[in-house]
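Everything below concerns the one structure shown next.
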Amino acid sequence: MQSRICVLPGDGIGREVTEQAEKALGALQDRFGHSFDLEHGLIGGAAIDETGGPLPERTLQVCRGSDAVLMGAVGGPSWDGEPWEKRPEKGLLDIRKELGLFANLRPAVIFRELAGASLLRPDIVEGGIDLLVVRELTGGVYFGEPKGREEVDGSRAAYNTMRYSEEEIARIARVAFDSARKRGGRVCSVDKANVLVVSELWREVVREVAAEYPDVELSHMYVDNAAMQLVRDPSQFDVILTSNLFGDILSDEAASITGSIGLLPSASLSASGLGLFEPVHGSAPDIAGRDLANPLAAILSLAMLLRYSLGLEREALSVEGAVAAVLEQGYRPGDLAREGEAAVACSRMGDLVAAGIRESVSQ
Ligand code: IPM
Ligand code: MG
Numbered sequence: 004m005q006s007r008i009c010v011l012p013g014d015g016i017g018r019e020v021t022e023q024a025e026k027a028l029g030a031l032q033d034r035f036g037h038s039f040d041l042e043h044g045l046i047g048g049a050a051i052d053e054t055g056g057p058l059p060e061r062t063l064q065v066c067r068g069s070d071a072v073l074m075g076a077v078g079g080p081s082w083d084g085e086p087w088e089k090r091p092e093k094g095l096l097d098i099r100k101e102l103g104l105f106a107n108l109r110p111a112v113i114f115r116e117l118a119g120a121s122l123l124r125p126d127i128v129e130g131g132i133d134l135l136v137v138r139e140l141t142g143g144v145y146f147g148e149p150k151g152r153e154e155v156d157g158s159r160a161a162y163n164t165m166r167y168s169e170e171e172i173a174r175i176a177r178v179a180f181d182s183a184r185k186r187g188g189r190v191c192s193v194d195k196a197n198v199l200v201v202s203e204l205w206r207e208v209v210r211e212v213a214a215e216y217p218d219v220e221l222s223h224m225y226v227d228n229a230a231m232q233l234v235r236d237p238s239q240f241d242v243i244l245t246s247n248l249f250g251d252i253l254s255d256e257a258a259s260i261t262g263s264i265g266l267l268p269s270a271s272l273s274a275s276g277l278g279l280f281e282p283v284h285g286s287a288p289d290i291a292g293r294d295l296a297n298p299l300a301a302i303l304s305l306a307m308l309l310r311y312s313l314g315l316e317r318e319a320l321s322v323e324g325a326v327a328a329v330l331e332q333g334y335r336p337g338d339l340a341r342e343g344e345a346a347v348a349c350s351r352m353g354d355l356v357a358a359g360i361r362e363s364v365s366q
């Protein structure tokens with residue numbers, strides 16, 4: 004099978020971690036006889052420096068002509084003071100909108116051998132953490148109009164609009180219910196319906212969609228309570244369905260309670276099946292270019308790419324299996340190495356995972 008993958012390394016450690024994911028792709032070619040056609044593009048600060056803007060037209064064209072997009076990370080201190088049009092984050096928001104990537108899937112899983120890395124007490128993580136945040140990604144207060152700044156009688160004010168149409172709510176709800184069917188069969192929809200009228204509609208539409216899924220259990224939770232429940236008893240959650248802003252916050256919280264943000268992948272999917280896959284961690288400029296980063300989230304993002312955009316489940320499992328095996332063997336990337344443990348370099352982690360994928364040939 005021939006698949007076209009667009010790779011957007013971006014900024015900071017984005018480059019080195021996507022390189023390791025490419026090694027895994029190379030191993031998959033050898034192991035399963037696929038042919039992956041890779042094309043690279045610019046996004047974020049790297050694109051600003053080269054072309055003046057964070058999302059060049061060529062990048063969009065390459066993405067549209069591909070089956071899937073693998074991204075590294077965007078951002079860094081050198082662009083922080085720039086106007087919004089010249090900010091790496093703008094490239095990320097624009098690519099989501101342009102490619103219609105409305106469904107953001109962020110699994111938070113605790114690996115057995117890394118339970119000690121969780122920030123939570125051992126008795127709280129005992130029940131395991133295996134949840135999926137399904138975050139709406141192209142609507143809500145991130146994109147709502149009107150927005151702006153104004154000055155009234157010499158006093159500054161600014162505003163955004165949190166807006167959702169019923170179609171936008173229904174389509175993300177379906178993604179959550181479909182995901183729950185393949186997992187634990189439970190959806191917890193998170194909103195702020197005790198205060199926001201947009202959340203009232205959210206709840207109403209989610210209930211209507213739930214009627215199509217009698218086999219999935221639906222509950223609702225206010226976002227402040229959800230933030231608390233995530234640290235009090237994370238094992239109660241299966242799928243968390245929520246809006247753009249709440250999902251941004253809760254997915255970081257969910258990531259940090261697993262203790263290993265360097266392990267967490269994400270998928271952003273469109274209605275057409277084209278998806279963008281990226282690690283949840285950022286560009287980590289402080290360690291960039293020093294071969295210190297943890298490439299496993301990027302490699303696990305590749306596994307999601309294989310599963311969701313290319314329909315290659317066996318190959319996805321082989322990548323995930325190789326990552327788990329490397330961890331089981333005791334190899335620890337920099338962010339997971341404890342006192343006294345030798346940290347394994349980014350490039351070496353990539354080599355180990357690729358070797359693991361190739362080795363599975365002889366089994
Ligand atoms: C994320 C990030 C982005 C977001 C930023 C970088 C625009 O925090 O992907 O969660 O807020 O969506
Ligand atoms: Mg975020």
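Note that the working numbering has the sequence shown beginning at 4, numbered continuously upward.
Ideal Cβ placement from N, Cα and C applies to all residues, glycine included.
- In this model, A340 and A346 are separated by some 5 angstroms (Cα to Cα).
- The C-beta distance from I46 to G78 rounds to 11 angstroms, too long to fall under 8 angstroms, and the pair is not in contact.
- Rounded to whole angstroms, the gap between the alpha carbons of F105 and L122 is 31 angstroms.
- Taking 8 angstroms as the cut-off, the Cβ atoms of L303 and E323 count as close.
- In the assembly as shown, Q23 is a buried residue. Its beta-carbon has 16 or more other beta-carbons within 10 Å.
- Per DSSP, R317 is one residue of the alpha helix (DSSP H) stretching across 316 to 331.
- M231: member of the alpha helix (DSSP H) spanning 226 to 235, first to last residue.
- With contacts defined by Cβ atoms closer than 8 angstroms, Y167 and G143 form a contacting pair.
- With respect to the C-alpha of E281, the residue from I113, D289, R317, L309 having the closest C-alpha is L309.
- Ranked by Cα distance from E256, the options A173, R18, E88, R109 are led by R109.
- Counting only the Cα atoms, N197 lies some 33 angstroms from G285.
- DSSP, reduced to helix, strand and coil, places A214 outside both helices and strands of the structure shown, so it counts as coil.
- Within its own chain, the residues whose Cβ lies closer than 8 angstroms to the Cβ of P149, once the five positions on either side in sequence are excluded, are Y162, T164, listed in chain order.
- Residue range 38 to 43 is occupied by the beta strand (DSSP E) that includes F39.
- Listed as beta-bridge partners of G151 by DSSP are Y162.
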